[in-house]
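Q: The opening position of the sequence shown corresponds to residue 18 in the numbering used here, with each subsequent residue numbered one higher. For glycine and all other residues, C-beta sits at the position ideal for the given N, C-alpha and C. Remember, predicted model here, so these are calculated numbers, not experimental data. Quick one: structure below, then a few questions.
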Amino acid sequence: MGAVSGISIQPSALSKVFTSSYDGQIRLVDVEKESFDLLYSSDECISSLSQQPNDVNSLYFSEVSGELGVFDIQARKSSSSWLLHTAWINSIDFNPENTNLMATSSIDGTACIWDLRSISAGSSNYLKKIDHELVTLT
């Protein structure tokens, strides 16, 4: 197992904790059952993990290529992916009042705000992009 890169507690079941790691794995830890299940494995490093507040069936994760993936928890497979940045995504966060709005930061020197309703394969237009002279790390 690699170093942990992200952690998310499932809002509907506080004993369930999702983790991502730099060795490309997403795992589900069930604290009550003391189990540690592998949900997803990638050849790429997974750099961050987040869960949309109103969607308990999806995990959002990023890979070092700048790609954002969506993992379907019920189906236990990746359901979507989009190339959002030109390099490693450091963080993924959602607006708690409008969960269709997502923010990402990357070592490409940008932070972007996205509307999930307008992201589709081949078309990933951000709502707002902030360029930083220094790399954006969180």
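1. Would the region 77 to 88 and the region 48 to 68 be scored as touching if the rule is three or more Cβ pairs under 8 Å?
2. Check this for me: beta carbons of GLY83 and GLU61, under 8 Å apart or not?
3. Flag this pair as touching only if the region 96 to 106 and the region 118 to 134 have three or more C-beta atom pairs under 8 Å; answer yes or no.
4. Spell out the partners DSSP gives THR214 in its beta bridges.
5. Around the Cβ of GLN91, are there at least 16 other Cβ atoms within 10 angstroms (buried) or fewer (exposed)?
6. Out of VAL48, HIS149, SER59 and VAL34, point me to the one whose CA is closest to LEU85's CA.
7. Nearest by alpha-carbon distance to ASP72: which of LYS50, ILE26 and GLY126 is it?
8. Taking the CB atoms as reference points, tell me whether VAL2 and VAL48 lie closer together than 8 Å.
9. If you drop the 5 nearest sequence neighbours on each side, which residues of the same chain put their C-beta closer than 7 Å to that of LEU133?
10. For the candidate residues PHE53, PRO70, GLY19 and VAL46, whose alpha-carbon lies nearest to that of SER29?
A: Quick answer:
1. Three or more beta-carbon pairs drawn from the region 77 to 88 and the region 48 to 68 are found closer than 8 Å, and the two stretches are therefore classed as touching.
2. Not in contact: GLY83 and GLU61 (Cβ atoms no closer than 8 Å).
3. Short answer: they touch.
4. This structure cannot speak to residue 214, because the chain is shown only from 18 to 155.
5. Under a 10 Å Cβ-count criterion, GLN91 is classified as exposed, with fewer than 16 other Cβ atoms of the shown protein chains found around its own Cβ.
6. If we check each option's Cα against that of LEU85, SER59 comes out closest.
7. Each of LYS50, ILE26 and GLY126 was checked against the Cα of ASP72, and the nearest Cα belongs to ILE26.
8. Since the first and last residues shown for the chain are 18 and 155, residue 2 lies out of range.
9. The residues are ASN117 and MET119.
10. The residue with the shortest Cα to Cα distance from SER29 is PRO70.
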